[in-house]
Amino acid sequence: SAAVSGLFLWRARTRPPAKGVTLNPAWRRYLPVESAILGLYGLGLLLFPLTFSSIWPWPVDAFHAQVYSAIFLAGAGGTCLVWRSAPREELLVLGLAQFLV
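Pasting the structure below:
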């Protein structure tokens, strides 16, 4: 759940980050933009579901728009975490997840 994840993240806040790879400057500029776009759209689907789901190619009711918001918010959070510092394996997992979704 979100509470348990938040608890573990709070406990780990003082630990040093894992040894991450150095991203090239293009990725360092792209990842925060992607995170912001995914996060804003996810928040929009959560708070104003009918307005933000109107661009979907099929009709989406308010409940399902709010369920879909979790996908965008998770993508934004994952991208933000990877953007700061990440081992090569985490970059691979994020890339595969975004490609498959």
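Take 2 as the starting number for the sequence shown in our numbering and just add one per residue.
From the three backbone atoms N, C-alpha and C, an ideal C-beta is built for every residue, glycine too.
- Burial check for residue 96: the Cβ neighbour count within 10 Å stays below 16, so the residue is exposed.
- Secondary structure of residue 11 (DSSP, three-state): helix.
- Taking the Cα positions, residue 99 is about 15 Å away from residue 34.
- For residue 76, the secondary structure class from DSSP, reduced to helix, strand or coil, is helix.
- The segment 70-77 makes contact with the segment 34-47, as at least three CB pairs between them are under 8 Å.
- DSSP places residue 37 in the uninterrupted alpha helix (DSSP H) bounded by 26-48.
- Closest in C-alpha terms to residue 50, from the list 63, 83 and 59, comes 63.
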